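A.B. asks: Below: one structure in structure tokens.
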Amino acid sequence: MSADASPRQRHSSALARILGLIRDTCPDINFTEFSVLITIAENEGVTVAGVAWLCGCTEATASRTIRRMAPREMPGALAPFRGLLVMMRGPTENRSRHVFLTPRGEVLCRSFDLMMNDPALPALMNGRSRRSARTRRLYTKI
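Just so we're aligned: the sequence shown equals residues 35 to 176 in my numbering.
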């Protein structure tokens, strides 16, 4: 992409790279899961009810989606056990559950930030062999 590309073109290209990375990392991820992941990255520690409100879905859908994105070891986790999010009880009360990124989820979301803020980062291609060394390093951390 040229240096004189408009901000809109840069963001479109960055979004395409992010979607490529998420597709390579979690090939069967759906829009709701992606939306929940981004929401939690922007609002770590939010409650499940808060995720539902921010994403415009029911609490049941938010809870189920979070449990699908949790690691296998988390009580109540559901397949496919993506290992990106974890739910924990509140520190002062036992009723609400708060959601956080796992280390794997943090690396993935940090990669999104890099892609949005670094116009020099090459676009992700279909074949891994054609990716830059910097992009391959991002993949090894995920």
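Note that CB positions come from ideal geometry on N, CA and C, so glycine has one too. For clarity, every value in this text was computed on a predicted model and none was experimentally measured.
For residue 106, name the three-state secondary structure that DSSP assigns.
C.D. replies: coil
A.B. asks: Are at least three pairs of beta-carbons, each pair with one atom in the segment 106-116 and one in the segment 80-95, less than 8 angstroms apart?
C.D. replies: Put simply, the segment 106-116 does not touch the segment 80-95. Fewer than three CB pairs are less than 8 angstroms apart.
A.B. asks: Inspect the beta-carbon positions of residue 74 and residue 85 and report whether they are closer than 8 angstroms.
C.D. replies: Between residue 74 and residue 85, the gap from beta carbon to beta carbon is short of 8 angstroms.
A.B. asks: What would DSSP say about residue 141, mapped onto helix, strand or coil?
C.D. replies: helix
A.B. asks: By DSSP, does residue 68 sit in helix, in strand, or in coil?
C.D. replies: DSSP places residue 68 in helix when its eight states are reduced to three.
A.B. asks: Are residue 101 and residue 88 closer than 8 angstroms when you measure CB to CB?
C.D. replies: Not closer than 8 angstroms, so no.
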